[in-house]
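Notes for the one structure printed next.
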Amino acid sequence: MGKIEIREGQPDDAPLLLEFIRGLADYEHLLEQVDANLEELRRTIFIDKMAEVLIAEYDGDAAGYALFFHNYSTFKGKAGLYIEDLFVKPELRGKGVGKALFKRLAGIAAGRNCWRIEWSCLDWNTSSINFYKSLGAVPLSAWTTYRLTDDKFKTML
136 MGKIEIREGQ PDDAPLLLEF IRGLADYEHL LEQVDANLEE LRRTIFIDKM AEVLIAEYDG
196 DAAGYALFFH NYSTFKGKAG LYIEDLFVKP ELRGKGVGKA LFKRLAGIAA GRNCWRIEWS
256 CLDWNTSSIN FYKSLGAVPL SAWTTYRLTD DKFKTML
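In this note's numbering, each residue's number is its place in the sequence shown (first place is 1) plus 135.
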């Protein structure tokens, strides 16, 4: 087994991050939906700090990433972490990289007194679903995610 290291993303990682985002989108059959560019990623993540990024390295080479931000539960009165993306290069899956990313995310959540870590997963992605369940995650069947995109919510202004 190779050496896995998890580090915080830096502004110079923006090209790598965009490569990973495209890799994730390709895996999810959504590549045509990627509009992100280097300037936006640098500004929104590293300057405006709208999200945080962890970069996983396997034997010194970039292996994957996790992008996350805080959400909040009024019922608990505590923050949580929401994982927007978690991606491991296909050739490195099954080597502990995803688990190492989750372990680091768990440490961040615990250190920030968060009460939950949440994310979404496509229904057809059985390999990821099985991985998440192996960590002890449970699907929330009583909740439906809704979305208003900018072309819709801007009509309310």
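For each residue, glycine too, the CB sits at the ideal point set by N, CA and C. The model shown is predicted, which means the values in this text are computed figures rather than measured ones.
**Request:** Please report the Cβ distance between residue 177 and residue 149, rounded to the nearest whole angstrom; I am assuming they are in contact, meaning their Cβ atoms lie under 8 angstroms.
**Result:** 5 angstroms
**Request:** Find out if the Cβ-Cβ distance for the pair residue 237, residue 189 is shorter than 8 angstroms.
**Result:** no
**Message:** I believe residue 221 touches residue 259 by the beta-carbon criterion, under 8 angstroms. Please report the beta-carbon distance rounded to the nearest angstrom.
**Reply:** Rounded, the Cβ-Cβ distance is 17 angstroms, inconsistent with contact.
**residue 136 versus residue 225: straight-line alpha-carbon distance, rounded** = 16 angstroms
**Asked** Over what stretch of residues does the beta strand (DSSP E) that includes residue 189 continue unbroken?
**Response** 187-193
**Item:** Run of the alpha helix (DSSP H) containing residue 222, from where it starts to where it stops
**Value:** Looking at the DSSP string, residue 222 is not in any alpha helix (DSSP H); the run it does join, the beta strand (DSSP E), is 213-223.
**Message:** Here's the rule: buried if 16 or more other CB atoms are within 10 angstroms of the residue's CB, otherwise exposed. What is residue 273?
**Reply:** exposed
**Prompt:** residue 193 and residue 139: beta carbons closer than 8 angstroms?
**Reply:** yes
**Prompt:** Do the segment 169-186 and the segment 143-161 touch if we need at least three Cβ pairs shorter than 8 angstroms?
**Reply:** yes
**Message:** Are the CB atoms of residue 216 and residue 252 within a distance shorter than 8 angstroms?
**Reply:** yes
**Asked** Hey, residue 241 and residue 219: beta-carbon distance below 8 angstroms or not?
**Response** no
**Message:** With a threshold of 8 angstroms on Cβ separation, who are the neighbours of residue 173 within its own chain once the five nearest residues in sequence on each side are excluded?
**Reply:** 149, 150, 153
**Asked** Cα separation between residue 233 and residue 179?
**Response** 24 angstroms
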